[in-house]
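Worksheet: one structure, shown below.
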Amino acid sequence: MVRSYDPSEIPAVHNLRDAPLAKEGKGFEQVVFRGVDQMIGMTTIGPEREDKPPHSHPWEQMNLVVEGEVDFVVDGERISLSTYDAVEVPPDVPHASRAVSDEPATLLAFWPLREDRLDATEYQTEFDV
Numbered sequence: 001m002v003r004s005y006d007p008s009e010i011p012a013v014h015n016l017r018d019a020p021l022a023k024e025g026k027g028f029e030q031v032v033f034r035g036v037d038q039m040i041g042m043t044t045i046g047p048e049r050e051d052k053p054p055h056s057h058p059w060e061q062m063n064l065v066v067e068g069e070v071d072f073v074v075d076g077e078r079i080s081l082s083t084y085d086a087v088e089v090p091p092d093v094p095h096a097s098r099a100v101s102d103e104p105a106t107l108l109a110f111w112p113l114r115e116d117r118l119d120a121t122e123y124q125t126e127f128d129v
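Numbering (the UniProt record's numbering), first residue to last: 1 to 129.
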């Protein structure tokens, strides 16, 4: 894990609405913010996003819906989440999400520090990426 940081840049404060997009597509935008040992992904999912097949990864993921409604499929089970609902996805469990209304939904994903997503945090000058 990358753990070095510039102490003179702490506290690290960034408005995620101003962060560069890490991923984008039709009806999908995501930005990533990192700490020393953890990351947050803020994702907006619009109704025009096509359903994606479930994916999995070797780390736990927790999601919090901060606005709107989202359907999550976790290990084959579909659950509906609305604002302030949270869901935990254990490591290696297949999961996917989609917006369920005409309005976009925004959710936060909480991960341990992911080496595969460090490039999305290059805007954070407090860390060597």
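Every residue, glycine too, gets a C-beta built ideally from N, C-alpha and C.
None of these values were measured; they are calculated from a predicted model.
Spatial neighbours of residue i within its chain, please: CB distance less than 6 angstroms, with the 5 preceding and 5 following residues excluded, ordered by chain position.
| i | result |
| --- | --- |
| Arg34 | Thr121 |
| Thr43 | Gln30 and Leu107 |
| residue 156 | Outside the shown range of the chain (1 to 129) lies residue 156, about which nothing can therefore be said. |
| Ala22 | Gln30, Val31, Val32 and Ala120 |
Starting from residue i, follow the beta strand (DSSP E) in both directions and report where the run begins and ends.
| i | result |
| --- | --- |
| Thr106 | Ala105 to Pro112 |
Assuming the contact rule is C-beta atoms closer than 8 angstroms, residue i and residue j should be a hit. Round their C-beta distance to whole Å, please.
| i | j | result |
| --- | --- | --- |
| Ile45 | Arg98 | 6 angstroms |
| Asp71 | Val89 | Not confirmed; about 14 angstroms, so no contact. |
| Ala96 | His55 | 7 angstroms |
| Ala19 | Val65 | Rounded, the Cβ-Cβ distance is 19 angstroms, inconsistent with contact. |
| Gln38 | Phe127 | So it is not a contact: roughly 12 angstroms between Cβ atoms. |
| Asp75 | Pro94 | 6 angstroms |
Starting from the C-beta of residue i, find all residues in its chain whose C-beta is less than 7 angstroms away, skip the five residues before and the five after it, and write them out in chain order.
| i | result |
| --- | --- |
| Val36 | Arg3 and Tyr5 |
| Asp102 | Pro47 |
Might you give, ordered along the chain, the residues of its own chain that have their beta carbon closer than 8 angstroms to the beta carbon of residue i, omitting 5 neighbours on each side?
| i | result |
| --- | --- |
| Glu60 | Glu88, Val89, Pro90, Pro91, Trp111 and Pro112 |
| Pro53 | Ala96 |
Check: Does the stretch 26–33 touch the stretch 44–64, meaning 3 or more C-beta pairs lie closer than 8 angstroms?
Finding: yes
Next item on the list: Mind the definition here: the stretch 5–15 touches the stretch 77–88 only if three or more C-beta pairs lie below 8 angstroms; say whether that holds.
Entry: no
Note to self: I'd like the ranges of any beta strand (DSSP E) spanning at least 3 consecutive residues and lying wholly in the stretch 12–78.
What the structure shows: 23–25, 28–34, 38–45, 61–67 and 69–74
Notebook entry, point to check: Whole beta strand (DSSP E) runs in the stretch 80–104 with 3 or more residues, listed along the chain?
Noted result: 86–89 and 95–99
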